[in-house]
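Chemist:
In our numbering, the protein residues as written are 193 to 236.
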């Protein structure tokens, strides 16, 4: 099994769960607030 190095984490603004950095967020990580499209659509 491939062990990934320590990746940055944030807490989702909607559900409060921690989520880790993903390649698709590489250029936009500073602006990422939600763990998924579902959470970004359910802003409260």
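Ideal placement from N, C-alpha and C gives every residue a C-beta, glycine not left out.
(1) Helix, strand or coil for residue 216 per DSSP?
(2) Which two residues bound the contiguous beta strand (DSSP E) that contains residue 229?
(3) Which one of 208, 204, 213 has the shortest CA to CA distance from residue 197?
(4) Would you give the residue range spanned by the beta strand (DSSP E) that residue 202 belongs to?
Modeler: By the coordinates alone:
(1) Correct three-state label for residue 216: helix.
(2) Counting along the chain, no beta strand (DSSP E) covers residue 229; the unbroken alpha helix (DSSP H) around it starts and ends at 229-233.
(3) Residue 213 is the option with its Cα nearest to residue 197.
(4) Its beta strand (DSSP E) spans residues 201-203.
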